[in-house]
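> Take the sequence shown: its position 6, counting from 1, is numbered 18 in the numbering used here, and each next residue is one higher.
Here a beta-carbon is modelled for each residue, glycine too, at the ideal position from N, C-alpha and C.
Encoded as structure tokens, here's the structure I'll be asking about.
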Amino acid sequence: MEIAAAIEYWVSAHRRSAQWAQSSLGQGKFAANLAARVGAPFSEFVGDSMAWSRRFWNTNNLLKHEPNGQYDAYEVALLADTGAMLLQSALLNRIARTTAPARAIFDSHRHHQLGEAIRDLLGT
13 MEIAAAIEYW VSAHRRSAQW AQSSLGQGKF AANLAARVGA PFSEFVGDSM
63 AWSRRFWNTN NLLKHEPNGQ YDAYEVALLA DTGAMLLQSA LLNRIARTTA
113 PARAIFDSHR HHQLGEAIRD LLGT
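Structure (structure tokens):
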């Protein structure tokens with residue numbers, strides 16, 4: 013939930029000044045907007061950034077609004093880890109003024125297993 017709140021905050025903070033934050037991409041729009049901003053490195057990592065965004069935001073809503081609901085802790089961990097990587101890469105891209113940080117993060121051998129696991133979860 014903390015990662016989702018941070019993503020929502022970052023996108024909302026740019027709503028008035030950045031075109032990428034203004035688009036309404038449907039369910040999970042905050043995560044979808046940020047994923048679209050980071051672009052191909054994230055999309056290739058998860059297999060389908062829109063499917064990831066919907067799953068991420070649905071899981072966040074389940075945890076937030078139905079705390080006694082049934083959820084898979086493994087799935088929550090995968091989504092949280094990839095969400096953290098998405099936010100981290102977006103912030104580093106902004107600081108660097110290039111997409112090189114996102115490419116380095118998502119192409120790293122350190123995250124290979126996480127990429128495979130999230131693509132398996134999403135069926136991509």
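Counting Cβ pairs closer than 8 Å, one from the region 50-61 and one from the region 75-85, do we hit at least three?
Per the Cβ contact rule, the region 50-61 is not in contact with the region 75-85 (fewer than 3 Cβ pairs under 8 Å).
> Leu-104 CB to nearest chain B CB: under 8 Å?
Judged by its chain identifiers, the structure shown contains no chain B, having just a single protein chain.
> Consult DSSP for Pro-113 and reduce its assignment to one of helix, strand or coil.
Within the sequence shown, numbered from 1, the residue matching residue 113 stands at position 101. Three-state result, Pro-113: helix.
> By DSSP, does Met-62 sit in helix, in strand, or in coil?
For the purposes of this step, residue 62 is identified with residue 50 of the sequence shown, where counting begins at 1. If DSSP states are grouped into helix, strand and coil, Met-62 belongs with the helices.
> What residue range is occupied by the uninterrupted alpha helix (DSSP H) comprising Met-97?
Taking the sequence shown and counting its residues from 1, one reaches residue 97 at position 85. That run of the alpha helix (DSSP H) goes 85-108.
> Suppose the cutoff is 8 Å on Cβ atoms and the five residues either side in sequence are ignored; what does the same chain contact list for Ser-24 look like?
Counting from one through the sequence shown, the residue named residue 24 turns up at place 12. Taken in chain order, the residues that qualify are Ala-33 and Phe-42.
> Could you check which residue in Val-88, Ser-29, Ala-89 and Ala-116 has the C-alpha nearest to that of Val-50?
Taking the sequence shown and counting its residues from 1, one reaches residue 50 at position 38. Out of Val-88, Ser-29, Ala-89 and Ala-116, Ala-116 has the C-alpha closest to the C-alpha of Val-50.
> Taking 8 Å as the limit between beta carbons, can you name the residues of its chain near Glu-20, skipping five residues before and five after?
Working through the sequence shown from its first residue, we reach residue 20 at position 8. Listed in chain order, the non-local C-beta contacts of Glu-20 below 8 Å within the same chain comprise Phe-42, local neighbours out to five positions each way being set aside.
> Does DSSP classify Ala-30 as helix, strand or coil?
Here residue 30 is taken as the residue at index 18 of the sequence shown, counted from 1. Coil.
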